[in-house]
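Going down the list, the protein sequences come from chains A and B.
So for the first sequence, our numbering puts the first residue at 1; every next one is plus one.
So for the second sequence, our numbering puts the first residue at 1001; every next one is plus one.
Don't be surprised by glycine CBs; every beta carbon is placed ideally from N, CA and C.
Since we're looking at a predicted model, the values are computed, not measured.
Input: a single structure, listed below in structure tokens.
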Amino acid sequence: MSGKNIGLLLCGLLGIVFLLPVCFLAAGSLMGRREVEECLAPILWEGSEGYAQWRLFPQYPTLRSYVQLLLDSPGFFVMFWNSVKLALGVLAGQMLLGIPAAWGFARYEFPGKRLLFTIYMLLMMLPFQVRMLSDYLLLDGLGLLDSLWGIILPAACSTFPVFLLYRFFCGIPEALLEAARLDGAGEIALLFYFGLPLGSPGIISVLVLGFLEYWNLIEQPLAFLKDQSLWPLALFLPEIGVKEAGIAFVASVIALLPAALAFWAGQDYLEQGIIASATKE
Amino acid sequence: MKYRRKTQWTGLLWILPSLLGVGVFIFFPFLDVVRRSFIGAVTGDFVGLANYRSLFTNRAFLLAVRNTLRFLGICIPLLLGLSLLPALLLDRQRKRGQLVKSLFLFPMAVPVASVVLLWRTLFHSQGILNGCLSRVSLAGRDWMNTGGAFWVLVLCYLWRNLGYDMVLWLAGLAGIPDSLYEAAKVDGAGKWVLFWYITLPNLLPSFFTISVLSLLNAFKVFREAYLVAGSYPHESMYLLQHLFNNWYRDLALDKMAAGAVVSAVVIFGLSLCLKRLWD
């Protein structure tokens, strides 16, 4: 066995350790209420002795917690749909605004382009905390506090998709577009017949990266949504608390599923997106 | 053949919808905050730099800045180093590396809210981690309520971001032409020589971009910090983001405005460095 193979093996082991938290959750979701409470007793009840423990394989696997959550908690579905609406709303908006903008930046020359693009890039770097006050004042002024639109609209205007799509659209050879123009193709046709198909890896990576980000959105809803019936899953989960641990594990797993699915289906594009957002070409 | 593109106003038309959105929802509101940072919260008069002066004498602000700098100073080098190792091993491995890469990248997809419960059970004073430690007769500690909280946060950050940085390192490594290695091997260079004189120097541009991006990503660790420990966590993990959140709850508009402008200036500075690397 060469050194490289041993290294690879160690890497794989470390990678499995990285996956352990998810296995923990899955195991917890398959335990009955009693088994969870037994494992976590020292945390659940003040003054009890000893330490919490965990099993990667439940002794008495059961789907009871799933049934309980899915059948008996209508609130959970509301939150789930809120999350879906938020994520899909933001992504749709980003596509609608971002694709034309990136196309314009990538394929045309106009005065002030460099300056505008630099401003876009700087704005994309601002973390939410810096934008918190300005978002609040704006949403307050527009009457959009306590509404899903108040979260969706600012996020749909995020400049990150424009930046990422720009990188992909720049890769389309100009000669191709010039030839189509000579054949009489209109400017809008160029986007539909060349931009969208050839830039589709970019579009998919924006969707995958965006979905992982907005499915996970916490700061904005926390700050701007007082009405709990509008909350996304990500805010609801920590509220469940350790006392109802059985349900909390199931809810965590269900919240994880769509993101895991997006990751599994889009990993290649995810990597392309990460690389395109960081390197020059 | 390179085509010279003539100036086309149609380009601006493509951008117009996005421009309007960005203007209304991001750009002008931010300018308004810059204006507010020079205005007293109560009176509404122009107060010059008074808000900034009170910011830099504010105990909570200084604590948060110190903690944030300490956090970045520890996390970024650790992350860069730890992600480079697997990247070096996975470089030029094609198929076999893919699975390992997926394992490292996956935490990025795990919603923060899903793991909150786990962090709580893991790092509780009678939690699973202390249970394991006691079994090998090591003394545990109350992680979340001591200086240990800071290290829990570091761990969360590394767990979530290692794969991201690894992918970037791998892209950098893939960009080093094979011919360089071949030529050096012909000249009889050993493994370490190759690493020191070819791999490392050629990774330098990647190094800078990855550092800046990791820095910017570090702001998202607040999600974990907040969900696990709430608005008032242990002092050692009280970061700028907690401070902003608490200001927001108290509607301390003047401090928030000044704080936002100071943070934005620092971030803009970093981003411009990054842009120079790209251009």
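### Query
Quick one: is residue 91/A buried, meaning 16 or more other Cβ sit within 10 Å of its Cβ, or exposed?
For the purposes of this step, residue 91/A is taken as residue 91 along the first sequence, with counting starting at 1. Residue 91/A is buried by the Cβ-count criterion.
### Query
Helix, strand or coil for residue 172/A per DSSP?
Along the first sequence, read from residue 1 onward, the residue named residue 172/A stands at position 172. Coil at residue 172/A, not helix or strand.
### Query
Is there a Cβ from chain A that is less than 8 Å from the Cβ of residue 1130/B?
Reading the second sequence from its first residue, position 130 is the one you call residue 1130/B. Yes, because at least one Cβ of chain A sits closer than 8 Å to the Cβ of residue 1130/B.
### Query
Got a sec? Which residues, its chain only, sit under 6 Å from residue 1224/B by beta carbon, not counting five neighbours each side?
Your numbering for residue 1224/B matches position 224 in the second sequence. Closer than 6 Å at Cβ, skipping near neighbours: 1112, 1156.
### Query
So, is the C-beta of residue 1275/B closer than 8 Å to a C-beta in chain A?
On the second sequence, residue 1275/B is found 275 positions in, with the first residue counted as 1. Answer yes: the Cβ-Cβ gap between residue 1275/B and chain A drops below 8 Å somewhere.
### Query
Any Cβ of chain B within less than 8 Å of the Cβ of residue 82/A?
The count along the first sequence starts at 1 and reaches residue 82/A at position 82. Not closer than 8 Å to any Cβ of chain B, the Cβ of residue 82/A fails to qualify, so no.
### Query
Is the CB of residue 1033/B under 8 Å away from at least one CB in chain A?
Counting from 1 along the second sequence, the entry for residue 1033/B is found at position 33. Output row for residue 1033/B: interface = yes.
### Task
Can you give me the Cβ contacts of residue 230/A inside the same chain, cut-off strictly under 8 Å, excluding the 5 residues immediately before and after it?
Position 230 of the first sequence holds residue 230/A. Closer than 8 Å at Cβ, skipping near neighbours: 82, 146, 147, 148, 221.
### Coil, strand or helix - residue 1002/B by DSSP
Position 2 of the second sequence, counted from the start, is the residue given in the question as residue 1002/B. For residue 1002/B, the pLDDT reaches just 47, beneath the cut-off of 50, and the residue's location in the model is therefore unreliable, although a value from the coordinates is still provided. Residue 1002/B falls in the coil class under three-state DSSP.
### Query
Quick one: which chain A residues come within Cβ less than 7 Å of residue 1171/B?
The residue labelled residue 1171/B in the question sits at position 171 within the second sequence. The contacting residues are 275, 279.
### Residues that DSSP places opposite residue 1046/B in a beta bridge
Taking the second sequence and counting its residues from 1, the one referred to as residue 1046/B is at position 46. Answer is 1039/B, bridged to residue 1046/B.
### Query
If you check the beta carbons only, do residue 1198/B and residue 1173/B fall under 8 Å apart?
To locate residue 1198/B, count along the second sequence from 1; it is residue 198. To locate residue 1173/B, count along the second sequence from 1; it is residue 173. Residue 1173/B is positioned such that its CB atom lies no closer than 8 Å to that of residue 1198/B.
### Task
Answer yes or no: does any C-beta atom of chain A fall closer than 8 Å to that of residue 1152/B?
Here residue 1152/B is taken as the residue at index 152 of the second sequence, counted from 1. So no, residue 1152/B is outside the interface.
### Message
By alpha-carbon positions, which one of 266/A, 237/A, 271/A, 263/A ends up nearest to residue 255/A?
### Response
Your numbering for residue 255/A matches position 255 in the first sequence. Cα-wise, what sits closest to residue 255/A is 237/A.
### Query
Beta-carbon of residue 172/A versus every beta-carbon of chain B: anything under 8 Å?
Counting from 1 along the first sequence, the entry for residue 172/A is found at position 172. With 8 Å as the cut-off, residue 172/A does not count as an interface residue toward chain B.
### Query
Distance, Cα to Cα, residue 13/A vs residue 37/A?
Position 13 of the first sequence, counted from the start, is the residue given in the question as residue 13/A. Position 37 of the first sequence, counted from the start, is the residue given in the question as residue 37/A. Straight-line Cα distance between these residues: approximately 30 Å.
### Task
Compare the C-beta of residue 1124/B with all C-beta atoms of chain A and state if any pair is closer than 8 Å.
If you number the second sequence from 1, residue 1124/B lands on position 124. So, interface residue.
### Within 8 Å, strictly: CB atoms of residue 223/A and residue 1248/B
For this step, residue 223/A is matched to residue 223 along the first sequence. For this step, residue 1248/B is matched to residue 248 along the second sequence. Going by C-beta atoms, residue 223/A is nearer than 8 Å to residue 1248/B.
#### Entry: Pairwise C-alpha distance: residue 1056/B and residue 1235/B
Stepping through the second sequence from its first residue, residue 1235/B is reached at position 235. Stepping through the second sequence from its first residue, residue 1056/B is reached at position 56. So the alpha carbons of these two residues sit roughly 18 Å apart.
### Query
Interface residues of chain A around residue 1267/B at Cβ under 9 Å?
Within the second sequence, the letter at position 267 stands for residue 1267/B. Result: 122, 125, 126, 127, 130.
### Task
Identify the contact partners of residue 4/A in chain B, using a Cβ-Cβ distance below 7 Å as the criterion.
As a working note, residue 4/A is residue 4 in the first sequence. Under the 7 Å cutoff, chain B gives 1089.
### Task
Look at residue 72/A and residue 1029/B and say whether their C-beta atoms are less than 8 Å apart.
Numbered from its first residue, the first sequence carries residue 72/A at position 72. Numbered from its first residue, the second sequence carries residue 1029/B at position 29. Not closer than 8 Å, so no.
#### Entry: C-beta atoms of residue 1015/B and residue 157/A nearer than 8 Å
Mapped onto the second sequence, residue 1015/B falls at position 15. Mapped onto the first sequence, residue 157/A falls at position 157. No, Cβ-Cβ distance for residue 1015/B and residue 157/A is not below 8 Å.
### Query
For residue 1159/B, which residues in chain A fall below 7 Å Cβ to Cβ?
In the second sequence, counting from the first residue as 1, residue 1159/B sits at position 159. Simply 18.
#### Entry: Closer than 8 Å to chain A by CB, residue 1014/B
Stepping through the second sequence from its first residue, residue 1014/B is reached at position 14. At a cut-off of 8 Å between beta-carbon atoms, residue 1014/B makes contact with chain A.
### Query
If the cut is a Cβ gap below 9 Å, which residues of chain A does residue 1263/B touch?
Mapped onto the second sequence, residue 1263/B falls at position 263. What residue 1263/B touches in chain A: 126, 127, 129, 130.
### Query
Any C-beta of chain A sitting closer than 8 Å to the C-beta of residue 1009/B?
Mapped onto the second sequence, residue 1009/B falls at position 9. Residue 1009/B counts as touching chain A.
#### Entry: Exposed unless 16 or more other CB atoms sit within 10 angstroms - verdict on residue 74/A
Locating residue 74/A in the first sequence gives position 74, counting from the first residue. By the 10 Å Cβ count, residue 74/A comes out exposed.
### Query
What's the gap between the Cα of residue 1020/B and the Cα of residue 1267/B?
Here residue 1020/B refers to the residue found at position 20 when the second sequence is read from its first residue. Here residue 1267/B refers to the residue found at position 267 when the second sequence is read from its first residue. Taking the straight line joining both Cα atoms gives about 24 Å.
### Query
In the region 1144 to 1195 of chain B, which residue ranges form an unbroken alpha helix (DSSP H) of at least 4 residues, counting only runs that do not cross its ends?
1148 to 1174, 1178 to 1186, 1191 to 1194
### Query
With a Cβ-Cβ cutoff of 8 Å, do residue 107/A and residue 8/A count as a contact?
In the first sequence, counting from the first residue as 1, residue 107/A sits at position 107. In the first sequence, counting from the first residue as 1, residue 8/A sits at position 8. Contact: no.
### Message
Counting only C-beta atoms, is residue 215/A closer than 8 Å to chain B at any point?
### Response
Within the first sequence, numbered from 1, the residue matching residue 215/A stands at position 215. Yes, contact with chain B.
### Query
Is any beta-carbon of chain B found at less than 8 Å from that of residue 8/A?
The residue given as residue 8/A occupies position 8 in the first sequence. For residue 8/A, the answer is yes, since a Cβ of chain B falls inside 8 Å of its Cβ.
### Message
What does the alpha-carbon distance come out to for the pair residue 211/A and residue 96/A?
### Response
Numbered from its first residue, the first sequence carries residue 211/A at position 211. Numbered from its first residue, the first sequence carries residue 96/A at position 96. Using only the alpha carbons, I get a separation of about 16 Å.
### Query
What residues from the region 1028 to 1054 of chain B come within 7 Å of chain A, judged by C-beta to C-beta, listed N to C?
Cβ contacts with chain A come from 1029, 1030, 1032, 1033.
#### Entry: Rounded Cβ spacing between residue 1107/B and residue 249/A (contact assumed at less than 8 Å)
The sequence position of residue 1107/B within the second sequence is 107, counting from 1. The sequence position of residue 249/A within the first sequence is 249, counting from 1. Contact doesn't hold; Cβ gap of about 18 Å is too wide.
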